[in-house]
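Shown next, in structure tokens, is the structure this report addresses.
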Amino acid sequence: MNTSITNKRNKIHAQKFALWAAMASIGMMFAAFLSAYIVKQASGNWLEFSMPTTFFVSTLLVILVSVALHFTGGYLKNSSVKNYKTGVIISLILAVLFIISQYTSWNTLVERGIDLKGNVSGSFLYLITGIHVLHVLGGIVALMISAVYAFFFPFDNSAGKRQKFDLVVNYWHFVDGLWIVLFLFLMFYK
Amino acid sequence: MANITVHEDDVLIKDQGFDDHFHEHHHGDKYQTNFIFHYIFSMDHKIIARQFLITGMIWAIIGAAMSVIFRMQLGFPEESLTWIKPLLGKWIEVDPTTGIGKLVPEFYYALVTMHGTIIVFFVLTAGLSGTFSNLLIPLQLGARDMASPFLNMLSYWFFFLAGIIMFYSLFLSTGPFSGGWVAYPPLSALPQASSGSGTGMTLWLVSLTLFVVSVLLGGINYITTVLNLRTKGMTLWRMPLTIWAFFVTAILGLLSFPVLASGFFMLIFDRSLGTSFFLSEIFIEGQALDRVGGSPILFQHLFWFLGHPEVYIIILPAMGLVSEVLSVHARKPIFGYRAMVYSIMAIGFLSFIVWAHHMFMSGVNPFLSNFFVVFTLIIAVPSAVKVFNWITTLYGGNLRLNTPMLFAIGFVSMFISGGLTGIFLGNSAIDIQLHDTYFVVAHFHIVMGVAAFFGMFAGVYHWYPKMYGRFMNETLGKIHFWGTMISAYAIFWPMHYLGMAGVPRRYFSFESFDAFRHFTDMNKFITVFAIIAFAVQLVFVINFFYSIWYGKKMKSKNPWGATTLEWTTPIEPIHGNWPGNLPVVHRWPYDFSKDEREFVQQHVPLREGEVGDH
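So the protein lines, in turn, are chains L and D.
Residue numbers are given in the working numbering: position 48 of the first sequence equals residue 38, and the series is strictly consecutive.
Residue numbers are given in the working numbering: position 179 of the second sequence equals residue 504, and the series is strictly consecutive.
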């Protein structure tokens, strides 16, 4: 649906700026979670536990998604249709694998006795990673829409379409970077 | 009055305007042709603004009616309320022998909670900033519409859905949420805490989560539009103060509402998934709850990290509207334009580092409180700068005392009265005596309740011709103003005395307290004026809807002789706002009484030697 109003004198596209504003907003929500985490931890009754190894796999997967999408954006620009289609599909698969890896990590933790209802430190982990997964799911929906366009519509790399794909790529870089920040925080700030 | 005729105006924009090729595509026709897409699922910012305004008005009537009901309990506790039983049903308990109907105490708490939630979020956030940001940002900046009209439409519909869910919760058999609009745990976290803490609280949370989505979608759009879609020549320093205020408001909302959302998510986890973020050492009916390790104070931090910026989200748009109305109707440039902008920014920044002044008495480290006291008192500086500038703008002006102007002046009066008591409450030592008393109620009602409503009324009366092409009735408007002004002071002034004497807020009845017995007549006085205030608002509602169809027609494009761009658009609003080219801006928005010209509009080119910026 082409409903955006643009003003061609501007250097940054309005939609891209809007996405950045949305990222700032999502960032504030996670900042609030992390602050609550720090405050709660300082008041004691805090259980320490080590991270399941599958979280490292997840981290590798998000880095791969970002790399794959970076190249896919280039293929779209250079009209390299076949590579573009492959890139979209590979990114989508890696993204789904990330969700599976997160789910496996949660299962590992539950087996170790760290569950949602136990100590608040565990509750925070599920809360933070869970809400992050919700944001990744949003990205997956966007990627699926890109895949539908890539496979079922004639190839189109007009400025408008490139702009749309660029938004998807930017959002993914954001949730990927967010995961790395969250993971490092959870790992080192126990 | 106008020294530039309508005809010249059009020629100027046609000849010297900026052509963005907007009208070469026919994208407007798609959603403007039939009733549903024109009036209901509209993506036009002018329609969405009116949707926000009218929805906000409906909520304002509901919220105010609630306050009248609980004021009757406080003022006339021995009178029978049987006559409202048809409306409230089982929430009025009728004594079978005497026939006297009493408000059920649980429902009193529900009314107080809903009054706060509705007025703060649905009326003064959505109804105020939703209405005027939508209406004025594109019009005053010379934009065709918002950056994303689609997200803008979604913003309204999320608000609408939030409203439907909250409205539904009013009719639950267990009643709506009754633990106060701040929703502190454990009352909000444990479904068994009170009758409203079950389904009522669940719906409250769902409704407000949707509301947060609405605010964020709106805010993203406002910020993007302000930064990206200004017309040629409209530099940041040529933006009217309304736009500056909406812009900073949107930034505050964008950064603070997500924090509230995170608090809500944790509350939802505590309620439904068995976590203990906010729960610890709680006994219910003698039994210890097995949920330990959490902290209810944590929720207060998260809540007030939004809650304090929220009061500026409410008051900044009102300040912006008032600055514009005062300047136009005083026929004088606003005094200290840049100082006004810097104070808006300073207030916006400071609002993020004062939240704990709402928590002085909830066990926060007194040493830490000192920092919050200092920052809180510093807010008095930019606020005083603004007040000084408003008064100086009025000084020596050629005042037109019409309804919008009266409300704008009333705003300044209210803001001073309410702001001064803020200096008392901002001190953590004085707060030991005053916290949770009627002094607090009086303070925030005057400074952000009544004042924000006054700003909103000033805006509605002033921009009504832009919204509906007609004027509101002046006589009814003046009755509305004086009725509201007098009754607002009559309601809230005495409350300061109640508060200083220690009368606590949120109490259902004071009959069993000897210390407060002599305030019975004062409470009666307050209640009588609350009823008058409510009745006077109905005059406004009647005036508003009557004038849509029967008001005096707007004959010229710029009836107030204002300088800003919205008054260069056609009387009959069109999609894309300007029929041909966009106006190009040459000067700041407050060129009044300049070089023997009464006013010079922003799109009028500079004369030789004239300066466009101030």
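Cβ atoms here follow ideal geometry from the backbone N, Cα and C, with glycine treated the same way.
From a predicted model like this one, the values you see are computed outputs, not experimental measurements.
Requested in this report: For L:N97, decide whether its Cβ has a neighbour in chain D, counting only Cβ atoms nearer than 8 Å.
Outcome: no
Query raised in the report: Since D:T718 contacts D:L651 with CB under 8 Å, what's their CB separation in whole angstroms?
Result: 5 Å
**Report entry** Chain-order list of residues whose beta-carbon lies under 7 Å from that of D:L530 (same chain, five-residue window excluded)
**Finding:** F589, L592, I593
Query raised in the report: Got a sec, what are the start and stop residues for the beta strand (DSSP E) D:I734 sits in?
Result: Here D:I734 belongs to no beta strand (DSSP E); instead the alpha helix (DSSP H) covers 728 to 750.
**Report entry** Range covered by the alpha helix (DSSP H) that runs through L:E101
**Finding:** 71 to 101
Query raised in the report: Are D:F447 and D:G381 touching if we call contact CB-CB under 8 Å?
Result: yes
Query - Residue closest to D:I607, alpha-carbon to alpha-carbon, out of D:E891, D:L512, D:L497, D:L464 - result: D:L512
Query raised in the report: How would you call L:H3, buried or exposed, if buried means at least 16 neighbouring beta carbons within 10 angstroms?
Result: buried
Query - Under 8 Å from the C-beta of L:I16: neighbouring residues of chain D - result: P583
Query raised in the report: Are the C-beta atoms of D:D354 and some chain L residue less than 8 Å apart?
Result: With a pLDDT of only 47 at D:D354, under the threshold of 50, the placement of this residue in the model should not be trusted; the figure read from the coordinates follows. With 8 Å as the cut-off, D:D354 does not count as an interface residue toward chain L.
Query raised in the report: Any heavy atom of the ligand MN closer than 7 Å to the Cβ of D:I716?
Result: Among the ligands in the structure shown, none appear at all, so the ligand MN cannot be discussed.
Query raised in the report: Buried or exposed: D:G721, going by 16 or more other Cβ atoms within 10 Å of its Cβ?
Result: exposed
Report task. Counting only the same chain and skipping the five closest in sequence on each side, list residues whose C-beta sits under 6 Å from that of D:F835. Result -> F841
Query raised in the report: D:V861 and D:T809: beta carbons closer than 8 Å?
Result: yes
Query raised in the report: Going by alpha carbons, who is nearest to D:S316 out of D:M773, D:N477, D:D615, D:A389?
Result: The structure shown does not extend to residue 316 of chain D, since chain D is modelled only from 326 through 939, so no value can be given for it.
Query - chain D contact residues for L:I121, given Cβ-Cβ distances below 9 Å - result: S587, F590
Query raised in the report: Whose C-alpha, out of L:L172, L:F45, L:K67, L:W96, is nearest the C-alpha of L:A149?
Result: L:K67
Query - Those residues which DSSP pairs with D:L877 across a bridge - result: Checking the displayed sequence, the identity of residue 877 of chain D turns out to be Lys instead of Leu. Paired residue(s): D:F796.
Requested in this report: Look at the alpha carbon of D:S668 and the alpha carbon of D:L759, and state the distance between them as a whole number of angstroms.
Outcome: 28 Å
Requested in this report: Quick one: list the residues of chain D neighbouring L:V110, beta-carbon separation under 8 Å, in chain order.
Outcome: T600, S601, F602, G618, G619
Requested in this report: Note down the Cα distance separating D:I748 from D:A705, rounded to an integer number of angstroms.
Outcome: 8 Å
Query - Local Cβ density within 10 Å of L:Q92, reported as buried at 16 or more and exposed below that - result: buried
Query raised in the report: Any Cβ of chain L within less than 8 Å of the Cβ of D:F457?
Result: no
**Report entry** Inter-residue CB distance, D:R616 and D:S597 (contact presumed, cutoff 8 Å)
**Finding:** No, D:R616 and D:S597 are not in contact; Cβ-Cβ is about 13 Å, not under 8 Å.
Report task. May I ask you to report which of helix, strand or coil DSSP gives D:G588? Result -> helix
Query raised in the report: Buried or exposed: where does D:D354 fall if 16 or more other Cβ atoms within 10 Å of its Cβ makes it buried?
Result: Residue confidence is low: D:D354 scores 47 on pLDDT, short of 50, so the model does not pin down where it sits. Its coordinate-derived value is still stated next. Label assigned to D:D354: exposed.
Requested in this report: Within its chain, find whatever has a CB closer than 8 Å to the CB of D:L631; leave out the 5 residues flanking it on each side and keep chain order.
Outcome: S581, F582, V584, L585, G588
Report task. Measure the CB-CB distance between L:V182 and L:F145 and report whether it falls below 8 Å. Result -> Here chain L covers residues -9 to 180 and nothing more, so residue 182 of chain L does not appear.
Query raised in the report: So, does the CB of L:M19 fall closer than 8 Å to a CB anywhere in chain D?
Result: yes
Query - Below-8 Å beta-carbon distance, D:L627 vs any chain L residue - result: yes
Report task. Could you name each continuous alpha helix (DSSP H) segment of 4 residues or more that falls completely within the region 752 to 838 of chain D, going from the start of the chain to the end? Result -> 753 to 759, 763 to 769, 776 to 793, 799 to 825
Query raised in the report: the region 550 to 570 of chain D: which residues have C-beta closer than 9 Å to a C-beta of chain L, in chain order?
Result: T550, L552, N553, L554, R555, T556, K557
Requested in this report: On a CA-only basis, which of D:V712, D:V765, D:V653 is nearest D:N723? Give me that one, please.
Outcome: D:V653
Report task. Give the residues of chain L in contact with D:F696, contact being defined as C-beta atoms less than 8 Å apart. Result -> Within 8 Å Cβ-Cβ: nothing; D:F696 doesn't reach chain L, min ~16 Å.
Query raised in the report: In this structure, does DSSP put D:G426 in helix, strand or coil?
Result: strand
Requested in this report: May I ask you to report which of helix, strand or coil DSSP gives D:R555?
Outcome: coil
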